[in-house]
Amino acid sequence: MLTILFDGIAYGMLLFVLACGLSVTLGLMNFVNLAHGAFAMAGGYITLILVNRMGVPFFAALALAFLASALIGALLERTLYVHVYGRSPLDQVLFTIGLVFMAVAGTDYFMGAQQVFIQIPSSLQGRFEVLGVGIGRYRLFIIVLCGILTIVLQLILMQTRFGSRLRASVDDARVARGLGINVNAVFALTFAFGSGLAGLGGALGAELLGLDPTFPLKYMVYFLIVVTVGGTSTMTGPFLASLLIGIADIFGKYYVPRFGAFVIYTVMIVLLLVRPQGLFARATR
Amino acid sequence: MEYVFWAVALASLFLLPGQHLILTEIAWLGLFALSLDLILGYAGIISLGHAAFFGLGAYVAALAAKHGIIAEPVLALIASGIAAALLGFATSFLVLRGSDLTRLMVTLGVALIMREIANQIPDLTGGADGLQGVRIGPILGVFEFDIFGHVGYAYCLAVLFALFLLARRIVHSPFGLSLRAVKANPLRGSSVGIPVNARLVAIYTLAAGYAGVAGALLAQTTAFASLEVFSFERSADLLLVLILGGLGYLYGGLIGALIFKFLQDWLANLTPQYWQFWIGAVFVLIVLLGRERMGSWIRRALPRPKGV
Chain A
1 MLTILFDGIA YGMLLFVLAC GLSVTLGLMN FVNLAHGAFA MAGGYITLIL
51 VNRMGVPFFA ALALAFLASA LIGALLERTL YVHVYGRSPL DQVLFTIGLV
101 FMAVAGTDYF MGAQQVFIQI PSSLQGRFEV LGVGIGRYRL FIIVLCGILT
151 IVLQLILMQT RFGSRLRASV DDARVARGLG INVNAVFALT FAFGSGLAGL
201 GGALGAELLG LDPTFPLKYM VYFLIVVTVG GTSTMTGPFL ASLLIGIADI
251 FGKYYVPRFG AFVIYTVMIV LLLVRPQGLF ARATR
Chain B
1001 MEYVFWAVAL ASLFLLPGQH LILTEIAWLG LFALSLDLIL GYAGIISLGH
1051 AAFFGLGAYV AALAAKHGII AEPVLALIAS GIAAALLGFA TSFLVLRGSD
1101 LTRLMVTLGV ALIMREIANQ IPDLTGGADG LQGVRIGPIL GVFEFDIFGH
1151 VGYAYCLAVL FALFLLARRI VHSPFGLSLR AVKANPLRGS SVGIPVNARL
1201 VAIYTLAAGY AGVAGALLAQ TTAFASLEVF SFERSADLLL VLILGGLGYL
1251 YGGLIGALIF KFLQDWLANL TPQYWQFWIG AVFVLIVLLG RERMGSWIRR
1301 ALPRPKGV
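Same order as they appear, the protein sequences are chains A and B.
For the first sequence, position 134 matches number 134 in my numbering, and the numbering has no gaps at all.
To convert, take the position in the second sequence, counting from 1, and add 1000; that gives my numbering.
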């Protein structure tokens, strides 16, 4: 059972890295970006091309995937997203759904519709036993890497000036602007960074979650659940929510395979009924 | 002007026999979009999972026919509508609270759950392959469905017309006006004494029933139902259909269905495999151009029905 718990934690941490960009974007600009999964997919496929076809070392490819996704995010943000900031949620949903459809079909066109596998280095393959608990090397790597990322993110958020500007903008964008904070610039940077993280998550997740052109649609629900349950005003909220969902999903699929998929949806609906503002959000929002 | 619309629709029954198959699709898609208009255009509830009700209606109709529970299609249609309305009623409480994002999530979740349920009982639903061996009985015991779709189209058109009339009565009634008040400003609406939650539950249930009937029409005219009736793509495409036609004046769903089907047909002929790319591009373009602008073009071309 501990092995399953371990797997669930790995899954949850991966989910956090994937979804935290969405959480901050939503909290910062109230922008519902359903296309967030597309950036993850981009990162995954870029890593695939780098590692499988160009022989780039895995770890270097991860860094490059992060950078590439961040760049794509920044580009799309400046050219397309910027036009729909003030719009109604319906417009934003339509817009981002359109982007997802384009991304999915485009990826299908260029890369084919089959599931792809990234060659992970032999140092990360296999598993070993610790006190009777089976530890997969790749999952351990994910936990460690995502853990470091989470700590780094929290440090950036709490200890840097950019972090404090970000927190101020999330808290109250109007007042932040009034204080001279360039909220649009903060948002652009955050969006790019969040997209980069999503790309990194997509690259890491290819092994765990499977990578194919329908990835953004399949996992869109999960990201949205993390964000809705975890709230958008903190980083710990989505973190805990991701862990909760990761563990619940893995446990559900293992112990009750027939109903495994329902666990997540039911949890989400119940939570939203009880606390529509999210499990960890501040009550004042 | 409205009479012209329906006169043309009736004429198409007799004058365009070769197009009846695609016109049938437009008919039930229009009904489906009409049901979304009831909640989105009139009550302001965003739903990303309206296919949940559509799919339930489709499966109820298909299963009723396959297992001989209800051999007559019109009765099966009514049963599908009731089943979908019940599901709508049960889930309506989920969309009462929370913001637009919450509603998106919850409706999406419900549709995904429905899909997963259908996926988990393949003995009943046929799973991913779909329900095979469905035979639809003759309508009212007399009109047998034919392979050219003539009877099917007449059937769908009749159902669409009847339900449209009903919807028209409802939205022009005091009930319908109270819905618009709620959409504009729920707080103000409740302060004038409108029971906001009761109204929302009522329209959501009705819209779910309409969607279920649309789904049943699909199942009955194609004698098939598969998991795909619950798919996210269906709910997303439905949003596009309604946006193309315009929200809040009932004809939007029907006109949007016309535009969407022709667009889809044209795109599918251009690129059979990747037409979804261009549908996505249409989504993006429409938002960038502005829905209201597009809607106002159409609305200026089609004068408001009397009494609005």
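Where is the CB? At the ideal position from N, CA and C, for every residue including glycine.
Please read all numbers here as calculations on a predicted model, not as lab measurements.
Any chain A beta carbon closer than 8 Å to residue i
i	result
G1152(B)	no
F1014(B)	no
G1030(B)	no
Q1264(B)	no
P1186(B)	no
L1094(B)	yes
Y1042(B)	no
F1164(B)	no
I1046(B)	yes
G1280(B)	yes
F1175(B)	no
Exposed unless 16 or more other CB atoms sit within 10 angstroms - verdict on residue i
i	result
R1135(B)	exposed
C20(A)	buried
M13(A)	buried
L64(A)	buried
A1007(B)	exposed
S242(A)	buried
D7(A)	buried
H1020(B)	buried
Y85(A)	exposed
Q1273(B)	exposed
H1050(B)	buried
A70(A)	buried
A1011(B)	exposed
L1077(B)	buried
G55(A)	exposed
Q159(A)	exposed
Among the options, nearest to residue i - alpha-carbon criterion
i	options	result
A35(A)	T96(A), G8(A), L271(A) and T47(A)	T96(A)
V1282(B)	Q1264(B), A1111(B) and P1272(B)	Q1264(B)
M41(A)	G230(A), K218(A) and R258(A)	K218(A)
S233(A)	N52(A), L22(A), Y265(A) and A74(A)	L22(A)
I266(A)	L1094(B), E1025(B), F1089(B) and G1057(B)	The residue you asked about is not Ile; residue 266(A) is Thr in the sequence shown. Here the closest residue by C-alpha is L1094(B).
C146(A)	L5(A), R275(A), T3(A) and L18(A)	L18(A)
E1116(B)	L1289(B), K1261(B), L1227(B) and A1236(B)	L1227(B)
H1056(B)	S1035(B), A1083(B), N1269(B) and L1075(B)	The residue you asked about is not His; residue 1056(B) is Leu in the sequence shown. The shortest C-alpha separation from L1056(B) is found at A1083(B).
A38(A)	T107(A), L204(A) and A74(A)	T107(A)
R165(A)	L76(A), R139(A), N184(A) and V56(A)	N184(A)
F1317(B)	L1031(B), T1024(B), F1014(B) and I1022(B)	Not covered by the structure: residue 1317(B). The range shown for chain B is 1001 to 1308.
Under 9 Å by beta carbon: chain B residues contacting residue i
i	result
H83(A)	V1287 and L1288
R78(A)	The contacting residues do not exist; R78(A) stays about 14 Å from chain B at best.
L94(A)	A1236, L1239, L1240, I1243, F1283, V1284, I1286, V1287 and R1291
V221(A)	M1105, L1108, G1109, L1112 and F1232
M268(A)	M1105, V1106 and G1109
Contacts of residue i in chain A (Cβ-Cβ under 7 Å)
i	result
L1101(B)	V32, P89 and T228
A1236(B)	I97
F1260(B)	Correct list: empty, because the minimum Cβ distance to chain A is about 14 Å.
Y1274(B)	A105, D108 and Y109
G1127(B)	Those within 7 Å of G1127(B) in chain A number zero; the least Cβ separation is about 13 Å.
Under 9 Å by beta carbon: chain A residues contacting residue i
i	result
A1223(B)	Simply none; closest approach about 28 Å.
G1212(B)	Those within 9 Å of G1212(B) in chain A number zero; the least Cβ separation is about 20 Å.
is_contact[residue i, chain B] using C-beta, thresh 8 Å
i	result
V100(A)	yes
A206(A)	no
L217(A)	yes
A261(A)	yes
R174(A)	no
Y45(A)	no
L75(A)	no
A283(A)	Any reading at A283(A) is ruled out, since the residue's pLDDT is 40, under 50, leaving its predicted position unreliable.
L155(A)	no
L22(A)	no
Residue i and residue j closer than 8 Å at C-beta
i	j	result
I143(A)	I264(A)	no
G1209(B)	G1041(B)	no
T214(A)	V104(A)	yes
F1232(B)	M1114(B)	no
L1218(B)	L1034(B)	no
CB contact check: residue i to chain E, cutoff 8 Å
i	result
L273(A)	Looking for chain E here will not work: the only protein chains present are A and B.
Chain B residues whose Cβ lies nearer than 7 Å to that of residue i
i	result
Y255(A)	Correct list: empty, because the minimum Cβ distance to chain B is about 15 Å.
R258(A)	Q1120
Chain A residues whose Cβ lies nearer than 8 Å to that of residue i
i	result
E1116(B)	A261, F262 and Y265
I1136(B)	Residues of chain A passing the Cβ test: none, with the nearest at roughly 31 Å.
Per-residue contacts from residue i into chain B (C-beta, under 8 Å)
i	result
L240(A)	Within 8 Å Cβ-Cβ: nothing; L240(A) doesn't reach chain B, min ~18 Å.
L244(A)	Those within 8 Å of L244(A) in chain B number zero; the least Cβ separation is about 16 Å.
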